[in-house]
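Student:
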Amino acid sequence: MEQLTGRLRSEHKTLVCMTKIYCEDHHGQHPGGLCGECAALMEYSAKRLAKCPYGEDKPTCANCPIHCYKQQQRELVREVMRYAGPRMPLRHPWRALTHVFDKLRRVVHPRELRRARNRDRQIKP
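Residues are numbered in the numbering used here as their position in the sequence shown, beginning at 1, plus a constant of 590.
1. Leaving aside the five residues before and after residue 638 along the sequence, list all residues of the same chain whose C-beta is less than 7 Å from its C-beta, in chain order.
2. Counting Cβ pairs closer than 8 Å, one from the stretch 594-607 and one from the stretch 626-643, do we hit at least three?
3. Would you mind reading off the limits of the alpha helix (DSSP H) that contains residue 612?
4. Once you ignore the five residues that flank residue 673 on each side, which residues in its own chain have a CB closer than 7 Å to its CB?
5. Just to check my reading of the structure: residue 653 and residue 693 have Cβ atoms closer than 8 Å, yes? What is that Cβ distance to the nearest angstrom?
6. By the three-class DSSP mapping on this structure, what secondary structure does residue 591 have?
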């Protein structure tokens with residue numbers, strides 16, 4: 591698995607916390623906190639986050655114009671988030687709060703980010 595840093599790592603940790611809540615309540619207790627299916631989903635999500643075209647400027651998935659998950663995994667993550675989202679403030683209040691603030695971030699398409707970076711490079715001698 592590729593190493594995530596900064597905001598991507600934080601977002602993945604938030605998703606792992608949500609998945610643990612979901613998995614414990616739906617699949618029972620497992621060593622390490624996740625069943626095989628949920629662990630595979632988290633590995634998949636880490637791979638997709640590592641390839642995100644937004645990089646550190648990534649918005650929350652709900653606000654993202656790019657759908658990088660396959661349909662089956664996207665539906666499973668939606669189900670996990672629907673269930674665990676309301677339970678997050680009780681179990682992980684800080685992660686829940688930062689996720690709410692992340693939702694408020696303005697979304698800029700990756701193409702626009704590249705154009706802005708290219709303009710900055712052209713201006714600087």
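Yeah, the Cβ is synthetic: ideal placement off N, Cα and C, and Gly gets one too.
Tutor: So, to answer that:
1. 658, 659
2. yes
3. 596-617
4. 612
5. 6 Å
6. Note that residue 591 scores 46 on pLDDT, short of 50, meaning its location in the model is unreliable; the coordinates nonetheless yield the value given after this. Annotated three-state conformation of residue 591 is coil, per DSSP.
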